[in-house]
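Participant: Here the protein sequences come in this chain order: A and B. Take the first sequence: its position 103, counted from the start at 1, is 103 in UniProt numbering, and no numbers get skipped. Take the second sequence: its position 185, counted from the start at 1, is 185 in UniProt numbering, and no numbers get skipped. Using N, Cα and C, we set each Cβ at its ideal position, and we do this for glycine too.
Number of protein chains: 2
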Amino acid sequence: MVTIKDIAEMAKVSRTTVSRVLNSSGYVSEDARKRVEKAIEETGYIPSQHAKSLRTKKTKIVGVILPTIQTETSSRIVTGIGEELSKHGYEIILANTNLKKEKEIEFLELLKVRRVDGIILIATNTEPDLVEKIKDINIPLVMIGQAVDGVMSITYDDYNAARELTHTFITKGYREIAFIGVDETDRAVGYLRKKGFLDEMEAHGLKVNEGWVQEAIFDIDSGHDAMERILSSPSVSDQKSVPKAVIAVTDRLAIGAMSYLKKEGIRVPEDMGIAGFGASEIAQYLDPPLTTVDNQNEKAGEKAARQLINRITGREYSEKIVLNYRLIWRKSL
Amino acid sequence: MVTIKDIAEMAKVSRTTVSRVLNSSGYVSEDARKRVEKAIEETGYIPSQHAKSLRTKKTKIVGVILPTIQTETSSRIVTGIGEELSKHGYEIILANTNLKKEKEIEFLELLKVRRVDGIILIATNTEPDLVEKIKDINIPLVMIGQAVDGVMSITYDDYNAARELTHTFITKGYREIAFIGVDETDRAVGYLRKKGFLDEMEAHGLKVNEGWVQEAIFDIDSGHDAMERILSSPSVSDQKSVPKAVIAVTDRLAIGAMSYLKKEGIRVPEDMGIAGFGASEIAQYLDPPLTTVDNQNEKAGEKAARQLINRITGREYSEKIVLNYRLIWRKSL
DNA sequence: CTGTTAGCGCATTCAC
DNA sequence: GTGAATGCGCTAACAG
Numbered sequence: 001m002v003t004i005k006d007i008a009e010m011a012k013v014s015r016t017t018v019s020r021v022l023n024s025s026g027y028v029s030e031d032a033r034k035r036v037e038k039a040i041e042e043t044g045y046i047p048s049q050h051a052k053s054l055r056t057k058k059t060k061i062v063g064v065i066l067p068t069i070q071t072e073t074s075s076r077i078v079t080g081i082g083e084e085l086s087k088h089g090y091e092i093i094l095a096n097t098n099l100k101k102e103k104e105i106e107f108l109e110l111l112k113v114r115r116v117d118g119i120i121l122i123a124t125n126t127e128p129d130l131v132e133k134i135k136d137i138n139i140p141l142v143m144i145g146q147a148v149d150g151v152m153s154i155t156y157d158d159y160n161a162a163r164e165l166t167h168t169f170i171t172k173g174y175r176e177i178a179f180i181g182v183d184e185t186d187r188a189v190g191y192l193r194k195k196g197f198l199d200e201m202e203a204h205g206l207k208v209n210e211g212w213v214q215e216a217i218f219d220i221d222s223g224h225d226a227m228e229r230i231l232s233s234p235s236v237s238d239q240k241s242v243p244k245a246v247i248a249v250t251d252r253l254a255i256g257a258m259s260y261l262k263k264e265g266i267r268v269p270e271d272m273g274i275a276g277f278g279a280s281e282i283a284q285y286l287d288p289p290l291t292t293v294d295n296q297n298e299k300a301g302e303k304a305a306r307q308l309i310n311r312i313t314g315r316e317y318s319e320k321i322v323l324n325y326r327l328i329w330r331k332s333l
Numbered sequence: 001m002v003t004i005k006d007i008a009e010m011a012k013v014s015r016t017t018v019s020r021v022l023n024s025s026g027y028v029s030e031d032a033r034k035r036v037e038k039a040i041e042e043t044g045y046i047p048s049q050h051a052k053s054l055r056t057k058k059t060k061i062v063g064v065i066l067p068t069i070q071t072e073t074s075s076r077i078v079t080g081i082g083e084e085l086s087k088h089g090y091e092i093i094l095a096n097t098n099l100k101k102e103k104e105i106e107f108l109e110l111l112k113v114r115r116v117d118g119i120i121l122i123a124t125n126t127e128p129d130l131v132e133k134i135k136d137i138n139i140p141l142v143m144i145g146q147a148v149d150g151v152m153s154i155t156y157d158d159y160n161a162a163r164e165l166t167h168t169f170i171t172k173g174y175r176e177i178a179f180i181g182v183d184e185t186d187r188a189v190g191y192l193r194k195k196g197f198l199d200e201m202e203a204h205g206l207k208v209n210e211g212w213v214q215e216a217i218f219d220i221d222s223g224h225d226a227m228e229r230i231l232s233s234p235s236v237s238d239q240k241s242v243p244k245a246v247i248a249v250t251d252r253l254a255i256g257a258m259s260y261l262k263k264e265g266i267r268v269p270e271d272m273g274i275a276g277f278g279a280s281e282i283a284q285y286l287d288p289p290l291t292t293v294d295n296q297n298e299k300a301g302e303k304a305a306r307q308l309i310n311r312i313t314g315r316e317y318s319e320k321i322v323l324n325y326r327l328i329w330r331k332s333l
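Here it is as structure tokens:
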């Protein structure tokens, strides 16, 4: 492998001079520059980022820890992050936990070994050991999706989105509304979206029957099963109170729910209104097209990257950003 | 930042000894080891991978270049790659071209700067400048999805999958079959799948009308439009020959086509059979569920990673691997 | 404008 | 069993 030393010798200058033309820093005579460039050209020399990093203490790498890349949410966020980072000459090291929580902490360690300049964590929980680890990692870090005191974050306005969505269901005349949520250790998706729903229902004096609120995991089948549980809960079986609508906290859960409804011959939206969250691409092609909440994931990724870079480079940055959302009304209710 | 030198001083040994316990190489007395470990524990010392890389010439990083991460195909491949690499202590640097071809070459450069140990390229084309660049990059590289002479690759059996799919359409009684493809510079998806289709049709003496073969780009809307073009092509408009089935080269294109059919009141599969490629998760939840070809993307990723590591570490590896596929029959035909 | 000197943090001889 | 010496490839004072 050809090194800076070889170039220096070929161009009959010192390594310093080569370094100068490489980084276009300091003065270098036209003549010397030419010779250096020629040598680089001839040899195909490419400077080693490692040696450079060792010296400068900057790696120009950002670690991205995520729970899975196989959801539109994640992949969009990553696209946004990548887009923004590459503008500034940073690369991404991808750390995919595949939904194994313990790996989050492992990866934090690992990224530290790699001396990344910053970390972006697409978070699924805010558990104490994770937060503790984050706080003593001593590398600029921003979380996406969850907010924690003392940690930079980009979050969605989950609570208000859920309220507004619920509100609109109500103003459209729905009064019996069911809910498919997820585990509340996911504070944003599990807790806040559910709370928004419940608070809005309560504000309107509407009752949410036991059995109407079901918990699922993040996949389509789970939405299917949750819908089934809702429709076979005691008060429903007695025909005393059948929900007329259902809100699912992700589009995938909504798709699963729809598939159950279709199987049972329950028409959407005539017999049951439905909405999801996430604005997945497929939502608009469903039959009927699914009402959903667009959280602007790419933008979340971009903002996270931008704020992180600001922080890394000592510029001003926002500690917390809450993105606004957009309700997309379609025919499913 | 605490370094190996600090640990050495604290433990009253030389840096060499610290290095030894770090890498569990060579002899080190129980006593010395204890002291070193204690010092590491107390300081939270983490060795710098950069310094190590500079010394050992190994980064334990693999670069992954991909056209987009927002398709199931890509994200699954990446999951497979990540899964396998992490078993061996490698990390991924993600290079997302966002469908900009020129960036592929740019990223190759960049990964060279980073001195990655290997590169995995999820390829969309096999154009000469790309191939040339690959060949003189001098870093072990494996392509996924496209085959090129002299380059390691993992590919799908696109040609035969297309033939077999077509064959089954035919044995089910379909004789008028249309086709939605993509640009043939994508040799695997664009050229081979189309050729498989055409060859099989020809082998059965079936005619493929002009206008029945349309070219789309990789998104849902494009599938919709292609379907529209097929059904409004001259021979179809004359009612002389309306296709009774359509094969799309990706599930997304098939979904787009289905949405057009639904809009036009054309029933699937009664009026028109349809199939896609890719075994996307959503395919089974469509109405009707979509027949598709599973080409095991995670496995492709895993194999690519494994072969690459074999190559990097000087073990035996396969230059070319062609994965088998699996037809998934559902109600859409 | 340019070169000399001095490390960055680590692994690897080679002695002891 | 252990340590001193050396250098990986690069940048950053500091002199000239």
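Is B:S48 helix, strand or coil by DSSP?
Facilitator: Stepping through the second sequence from its first residue, residue 48 of chain B is reached at position 48. Coil at B:S48, not helix or strand.
Participant: Going along the chain, which residues of its own chain have a beta-carbon closer than 6 Å to the beta-carbon of A:I170, five neighbours each way excluded?
Facilitator: Indexing the first sequence from 1 puts residue 170 of chain A at position 170. Counting only Cβ-Cβ distances below 6 Å, and skipping sequence neighbours, we find H204.
Participant: For the structure I just gave you, are there three or more beta carbon pairs, one from the stretch 11-23 of chain B and one from the stretch 31-40 of chain B, closer than 8 Å?
Facilitator: Yes, the stretch 11-23 of chain B touches the stretch 31-40 of chain B.
Participant: In the structure shown, what three-state DSSP assignment does A:E246 receive?
Facilitator: As a working mapping, residue 246 of chain A is identified with position 246 in the first sequence. Residue 246 of chain A is actually Val in this sequence, not Glu. Looking at A:V246 - three-state DSSP - the assignment turns out to be strand.
Participant: When we look at the beta-carbon of A:T250 and count the other beta-carbons within 10 Å, is it buried (16 or more) or exposed?
Facilitator: Against the first sequence, residue 250 of chain A aligns to sequence position 250. Buried: at least 16 other Cβ atoms inside 10 Å.
Participant: Between which two residues does the beta strand (DSSP E) containing B:V293 stretch?
Facilitator: In the second sequence, counting from the first residue as 1, residue 293 of chain B sits at position 293. Here the beta strand (DSSP E) through B:V293 covers 292-294.
Participant: Return the Cβ separation of A:Y174 and A:K240 in integer angstroms, given the expectation that the two are a contact with Cβ distance under 8 Å.
Facilitator: The residue you call residue 174 of chain A lines up with position 174 of the first sequence. The residue you call residue 240 of chain A lines up with position 240 of the first sequence. The Cβ separation is near 17 Å, so there is no contact.
Participant: Starting from the C-beta of A:A178, find all residues in its chain whose C-beta is less than 6 Å away, skip the five residues before and the five after it, and write them out in chain order.
Facilitator: Within the first sequence, numbered from 1, the residue matching residue 178 of chain A stands at position 178. Here the set comprises W212, I230, P243, V246.
Participant: Anything in the stretch 72-100 of chain B with a Cβ closer than 9 Å to a Cβ of chain A? List those residues in chain order, please.
Facilitator: Here the close residues are E72, S74, S75, R76, V78, T79, G82, E83, S86, E91, I92, I93, L94, A95, N96, N98.
Participant: In angstroms, rounded to a whole number, what distance separates the CA positions of B:L54 and B:A8?
Facilitator: The residue given as residue 54 of chain B occupies position 54 in the second sequence. The residue given as residue 8 of chain B occupies position 8 in the second sequence. The alpha-carbon atoms of B:L54 and B:A8 are separated by roughly 21 Å.
Participant: Just to make sure I have the definition right: I need the residues of chain B whose C-beta is within less than 8 Å of the C-beta of A:Q296. Which are they?
Facilitator: Taking the first sequence and counting its residues from 1, the one referred to as residue 296 of chain A is at position 296. By Cβ distance, chain B contributes nothing, its closest Cβ being about 14 Å from A:Q296, past 8 Å.
Participant: Which residues, in order along the stretch 254-267 of chain A, keep a beta-carbon less than 7 Å from a beta-carbon of chain B?
Facilitator: Cβ contacts with chain B: I255, S259, K262.
Participant: Which runs of the alpha helix (DSSP H) spanning at least 4 residues fall entirely within the stretch 175-234 of chain B, listed in chain order?
Facilitator: Segments of the alpha helix (DSSP H) lying fully in the stretch 175-234 of chain B: 193-203, 220-231.
Participant: Just to confirm, are B:T56 and B:N125 a CB contact at a threshold of 7 Å?
Facilitator: Numbered from its first residue, the second sequence carries residue 56 of chain B at position 56. Numbered from its first residue, the second sequence carries residue 125 of chain B at position 125. It is not a contact, given that the beta carbons lie outside the stated cut-off.
Participant: Return the residue from the list A:D199, A:Q49, A:I69 that minimises the CA-CA distance to B:T79.
Facilitator: Taking the first residue of the second sequence as position 1, residue 79 of chain B is located at position 79. Of the candidates A:D199, A:Q49, A:I69, the one whose C-alpha sits nearest the C-alpha of B:T79 is A:I69.
Participant: Mind checking which residues open and close the beta strand (DSSP E) that includes A:M143?
Facilitator: Locating residue 143 of chain A in the first sequence gives position 143, counting from the first residue. Per DSSP, A:M143 belongs to the beta strand (DSSP E) from 141-144.
Participant: Please report how far the alpha carbon of A:K320 lies from the alpha carbon of A:Q296, in whole angstroms.
Facilitator: Mapped onto the first sequence, residue 320 of chain A falls at position 320. Mapped onto the first sequence, residue 296 of chain A falls at position 296. Those two C-alpha atoms are separated by around 16 Å.
Participant: Which residues mark the beginning and the end of the beta strand (DSSP E) in which A:A161 is found?
Facilitator: Taking the first residue of the first sequence as 1, we reach residue 161 of chain A at position 161. From DSSP, A:A161 is part of no beta strand (DSSP E) but of the alpha helix (DSSP H) over 158-171.
Participant: Does the Cβ of A:E302 have 16 or more other Cβ atoms within 10 Å, making it buried, or fewer, making it exposed?
Facilitator: Within the first sequence, the letter at position 302 stands for residue 302 of chain A. Classification of A:E302: buried, given that the 10 Å Cβ count is 16 or more.
Participant: Please report the distance separating the alpha-carbon of B:T97 from that of A:G82.
Facilitator: The residue labelled residue 97 of chain B in the question sits at position 97 within the second sequence. The residue labelled residue 82 of chain A in the question sits at position 82 within the first sequence. In a straight line, the C-alpha of B:T97 is about 9 Å away from that of A:G82.
Participant: I need the DSSP call for B:A275, collapsed to helix, strand or coil.
Facilitator: If you number the second sequence from 1, residue 275 of chain B lands on position 275. Strand, per DSSP.
Participant: Whole angstroms are fine: how far does the CA of B:A188 sit from the CA of B:A147?
Facilitator: Along the second sequence, read from residue 1 onward, the residue named residue 147 of chain B stands at position 147. Along the second sequence, read from residue 1 onward, the residue named residue 188 of chain B stands at position 188. Their backbone Cα atoms lie some 8 Å apart in a straight line.
Participant: Between the stretch 249-268 of chain A and the stretch 304-311 of chain A, are three or more C-beta pairs nearer than 8 Å?
Facilitator: With the cut-off at 8 Å, the stretch 249-268 of chain A and the stretch 304-311 of chain A do not touch.
Participant: Excluding sequence positions up to five away, which residues of its chain have a Cβ less than 6 Å from the Cβ of B:D84?
Facilitator: Start at 1 with the first residue of the second sequence, and residue 84 of chain B comes out as number 84. It should be pointed out that residue 84 of chain B corresponds to Glu in this sequence rather than to Asp. Closer than 6 Å at the Cβ level, and outside the excluded window around B:E84, lie E302, A305, R306.
Participant: Measure the beta-carbon distance from B:V293 to B:A283 and round it to whole angstroms, keeping in mind my assumption that it falls under 8 Å.
Facilitator: Here residue 293 of chain B refers to the residue found at position 293 of the second sequence. Here residue 283 of chain B refers to the residue found at position 283 of the second sequence. Incorrect: roughly 10 Å between the Cβ atoms, too far for contact.
Participant: Could you name the residues of the stretch 277-301 of chain A whose beta carbon sits closer than 8 Å to any beta carbon of chain B, in the order they occur along the chain?
Facilitator: Against chain B - using a Cβ distance shorter than 8 Å - the residues of the stretch 277-301 of chain A are E281, I282, Y285, D287.
Participant: Which residues in the same chain as B:R311 place their Cβ atom closer than 6 Å to its Cβ, once the five residues preceding and following it in sequence are excluded?
Facilitator: Along the second sequence, read from residue 1 onward, the residue named residue 311 of chain B stands at position 311. Answer for B:R311: P140, Y317, listed in chain order.
Participant: According to DSSP, what are the bridge partners of A:M152?
Facilitator: Counting from 1 along the first sequence, the entry for residue 152 of chain A is found at position 152. For A:M152, which the question treats as bridged, DSSP gives the partners A:V142.
Participant: Nearest to A:Y191 by alpha carbon, out of A:E176, A:E215, A:K172?
Facilitator: As a position in the first sequence, residue 191 of chain A is number 191, starting the count at 1. If we check each option's Cα against that of A:Y191, A:E215 comes out closest.
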